[in-house]
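Protein chains in written order, with our numbering: chain S, 1341 to 2064; chain R, 13 to 319.
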């Protein structure tokens, strides 16, 4: 904070206290003295000093006002703008902070405090330019230890402990009292289950009440998915300095994540009441208020929380998959969970976003907090863009990977296993090779396995998170195919002992990471090489095929689309060549071919509900009722909401082919979707129950049908039959 | 809404009267919309013609002129009877000029005030306007009157984008699921609920901001409601106004030998209705028992009617 010292030197001495004195009290952890000092300084005649003091005293509105005056008084003072920006940043007002930093740079090019401010901003969004900005600041001022501390922190966020230590040591070489550098050194030890005594002793010597440091360490544990340890550190931070509202808010948010809602609410409310009304605080409180609209179902060790409005419809599907996945994972990971698993399903994506905010590199479909899993409901996404069952299996595998390793698994490995599990359960599930990943492979942008974690935390290009998921998944597929599943479990266990990726790769696969990377890329080429090579031609030809469809030149569509499908079979998104080919075949009267193409599309992973319904209709028309029902059944795992018609048709088909339980499941879904046709829905369910010999339940349901529509003749007939 | 269902059924039973259907497809503004509006009007035309004693006028394309609409309503005014039903449906675009709602048709547009004036001359005691256009909410105030149901695809003049409601309205007329009380009559209320649910679902599924919110007004007083029901006093007339009929109910009503059985059926239905109103006051077990035996009795009566 050398710049502040400069500011203080030039400040008029209007009060007994100086900025440097106040900061020194704070720096030494003399909190009561600091408060007294700030109070005195708030009487200063200098607007900038007043602003600093009022900010420290948490009178944000007045501080804001004084900063505004200070900027008006000193329009060419870049530092005042930076300090004002830092206050905005602390309050989560990123846009205002960024503007002030940019203005400061406009006044003084590459002004190091402004660069540091921008680096903090970029870092909070997990942007790779955070590192560049901190390095640039360091170029301008090589003695700026704060920049070194930042670089150390960024390295640790990327799980690069070696680099974190190097940077922390460089900061300490500049200043023996670089508090954050000391905390980084201690955190590295804590993450490795060591005491960190030396560093804490040094920290305590300078500042025995440095709660901010413990909060930073807590954040590192949270990023590493070690939530309980992170929470313990936040508590310690507050123990050191109860006024740290940012830490209190983080503690509240993380307690909420782990399901400790009562304490979370209390802490967040305290923050709110103390005027710490940042977006995480207010949004989390709002989210918790909305919990009254959710219902919770418990079944053994499995807890399901679903929104009231879709609970009846979704519960059977989600419970069944949760149970199935738990049973499979218990065997695969050779572990019985000791704590219940809670799955929360959010129909409003914004609620889900609140639940997951502040975490790096999320695919934003689901997230796991220890034994609590939060995910989007199928109704929270556009049909065909989200396979909820795939996501459920993905997230639940994290629960097991975290439990096996006591939360010490590297990000790339747990994501890789999770992606692997999506297709292991069903080859139609999971994500396919997408254009962004093809581009990354073409441009040789896949990361070495030893640094793959970086791709999740601080992506250097927009699609890198998605590409890293794909790569990690393929690495696990590769290990599974070459060495077998047990090898993956053994590696997972070894990660739990604290070993690094290179150590685990070498110990279990007998390869140096560099050799593993070579072998993996060669294997990957055998898997996707043809599609990567054919991508450019695909991109050109798909446009041609679409134009031909518009012109209704069906013969030419067929001629063009067939090779497109072959060149990039994984492309099954909306508007795929499969769909064009199927449409053209149908127009030419070749329904059998249309069926064959769409079945191929569905097997590769095609998941547009409308196209699946079309395939089902074609199959039904061709007399293949079972296949038609199976096709509609695929939609259950994609978008089982907003359409009771397909549930009803599926139920009818199952009933026709004698699959009574599946018919009952589907007619139950119709009832659960709160249809307009209440009577018809209960009647269909009653019919299926009767077919299954469950006459008492059939009678109950036919009475419900007739309660809604007493003159409903088919239901009357069924009642008469059931009453004989 | 069971009482409405009973009333609707009775209304259907006593319906030798004429139902006047006037359906107009307005200007699309581009070929795609023209095609869509005309196709919906033509499908409606086919569906309403299955209703016994229907007088159907369907105007599409260049024929959708103001003068033709006025002539059709003048015919209903001249030849109609109080026991008749009048159903006027507009499919297309509408706008609001700050004074009055206008339905966009070839030539001069028709205003809500003009439509109200011409409809007021029709003696039919049950009237329904189904205005599925953009801005249609702006027509409610001008059209409302005792014994008239007004349905608009939008809640106000500010909802100006092309609507989806019309296609779901037509779907309600052909989909038996819309007949929620299974009395073989789709009432205006049932069709409204069906089409509204589908419209809401459309926007939710597409993750699009809903740009239309359908309204129903049938009290002659208000500006319409989104969810008609006993709590807001809306829906009673709409529930009694049949939109389309299908099945054999009509024939049964005409058969003199079945009259006694029909009377008995009505009595049992009334008992069921009474029981449902008393549901809160009796135990679940008693309710189920009584309901089960009444429904069984009703089924037996119906079996006799069908024999």
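Even glycine gets a Cβ: it sits at the ideal position worked out from N, Cα and C.
These figures come from a predicted structure and were not determined experimentally.
Chain B contact residues for residue i, given Cβ-Cβ distances below 8 Å
i: residue 195 of chain R; result: Included in the structure are the protein chains S and R, with no chain B among them.
Residues of its chain near residue i, where Cβ-Cβ distance is below 8 Å and the 5 sequence neighbours each way are ignored
i: residue 1700 of chain S; result: A caution first: residue 1700 of chain S carries a pLDDT of 43, below 50, which makes its placement in the model unreliable, though a value can still be read off. Excluding residues within five positions, the ones whose Cβ falls inside 8 Å are 1466, 1497, 1563, 1796, 1797 and 1798.
i: residue 1609 of chain S; result: 1625
i: residue 1416 of chain S; result: 1447
i: residue 289 of chain R; result: none
Nonlocal neighbours in the same chain, by C-beta distance under 6 Å from residue i, ignoring five residues either side
i: residue 1378 of chain S; result: 1362, 1393, 1396 and 1397
i: residue 1756 of chain S; result: 1812, 1813, 1815 and 1816
i: residue 30 of chain R; result: 65, 67 and 96
i: residue 1702 of chain S; result: In this prediction, residue 1702 of chain S has a pLDDT of 47, which is less than 50 and means its spatial position is unreliable; what the coordinates show is noted afterwards. Correct list, in chain order: 1696.
i: residue 2066 of chain S; result: In the structure as shown, chain S starts at 1341 and stops at 2064, and residue 2066 of chain S therefore has no counterpart that could be examined.
i: residue 168 of chain R; result: 149
i: residue 158 of chain R; result: 232
i: residue 1785 of chain S; result: none
i: residue 1730 of chain S; result: 1762, 1769 and 1770
i: residue 277 of chain R; result: 313
Burial state of residue i (16 or more Cβ within 10 Å)
i: residue 294 of chain R; result: exposed
i: residue 1349 of chain S; result: With a pLDDT of only 41 at residue 1349 of chain S, under the threshold of 50, the placement of this residue in the model should not be trusted; the figure read from the coordinates follows. Exposed, by the Cβ-count rule.
i: residue 292 of chain R; result: exposed
i: residue 1518 of chain S; result: buried
i: residue 2049 of chain S; result: buried
i: residue 1450 of chain S; result: exposed
i: residue 1620 of chain S; result: buried
i: residue 75 of chain R; result: exposed
i: residue 1650 of chain S; result: buried
i: residue 1895 of chain S; result: exposed
i: residue 1492 of chain S; result: buried
i: residue 1636 of chain S; result: exposed
i: residue 225 of chain R; result: buried
i: residue 1366 of chain S; result: buried
i: residue 1837 of chain S; result: exposed
i: residue 1723 of chain S; result: buried
Residues sharing a beta bridge with residue i, DSSP
i: residue 229 of chain R; result: R:162
i: residue 1715 of chain S; result: S:1685 and S:1706
i: residue 71 of chain R; result: R:36
i: residue 1638 of chain S; result: S:1643
i: residue 106 of chain R; result: R:115
i: residue 66 of chain R; result: R:31
i: residue 349 of chain R; result: The requested residue 349 of chain R is not part of the displayed model; chain R covers only 13 to 319.
i: residue 139 of chain R; result: R:98 and R:160
i: residue 1898 of chain S; result: Partner(s): none; residue 1898 of chain S has no beta bridge.
i: residue 123 of chain R; result: R:114
Contact set for residue i: own chain, Cβ-Cβ below 7 Å, skip 5 residues either direction
i: residue 3 of chain R; result: Since the first residue of chain R shown is 13 and the last is 319, residue 3 of chain R is not available in this structure.
i: residue 1760 of chain S; result: 1813, 1816, 1817 and 1820
i: residue 2038 of chain S; result: 2026, 2029, 2030 and 2062
i: residue 223 of chain R; result: 171 and 173
i: residue 1618 of chain S; result: 1431, 1432 and 1589
i: residue 1580 of chain S; result: 1549, 1550, 1551 and 1554
Cβ-Cβ separation, residue j to residue i (assumed contact under 8 Å), whole Å
i: residue 1932 of chain S; j: residue 1974 of chain S; result: About 20 Å; that fails the 8 Å criterion.
i: residue 1744 of chain S; j: residue 1833 of chain S; result: 6 Å
i: residue 236 of chain R; j: residue 228 of chain R; result: 6 Å
i: residue 1993 of chain S; j: residue 1957 of chain S; result: Their Cβ separation, rounded to whole angstroms, is 11 Å, which puts residue 1993 of chain S and residue 1957 of chain S out of contact at 8 Å.
i: residue 1898 of chain S; j: residue 1921 of chain S; result: 6 Å
i: residue 137 of chain R; j: residue 2056 of chain S; result: Going by Cβ atoms, the distance from residue 137 of chain R to residue 2056 of chain S rounds to 32 Å, so no, they are not a contact pair.
heavy atom of the ligand MN below 7 Å from residue i C-beta
i: residue 319 of chain R; result: Looking at this structure, you won't find the ligand MN or any other ligand, since it has none at all.
Residues of the stretch 1990-2021 of chain S in Cβ contact with chain R at a cutoff of 8 Å, in chain order, please. 2015, 2016, 2017, 2018, 2019 and 2020
**Request:** With 9 Å as the C-beta to C-beta threshold (strictly closer), list the residues of the stretch 296-312 of chain R near chain S in chain order.
**Result:** 300, 303, 304, 306, 307, 308, 310, 311 and 312
Positions along the stretch 1708-1742 of chain S whose CB lies within less than 8 Å of some CB in chain R | 1719, 1721, 1722 and 1723
_To be precise: take each residue of the stretch 197-209 of chain R, compare its Cβ to all Cβ atoms of chain S, and keep it if any distance is under 7 Å. Which residues remain?_
205, 206 and 209
### Message
Residues of the stretch 117-128 of chain R in Cβ contact with chain S at a cutoff of 8 Å, in chain order, please.
### Response
none
Any residues in the stretch 216-248 of chain R with a beta carbon nearer than 8 Å to a beta carbon of chain S? Which ones, in chain order?
216, 217, 218 and 219
Exercise. The stretch 177-191 of chain R: which residues have C-beta closer than 9 Å to a C-beta of chain S, in chain order?
Worked result: 184, 187, 188, 189, 190 and 191
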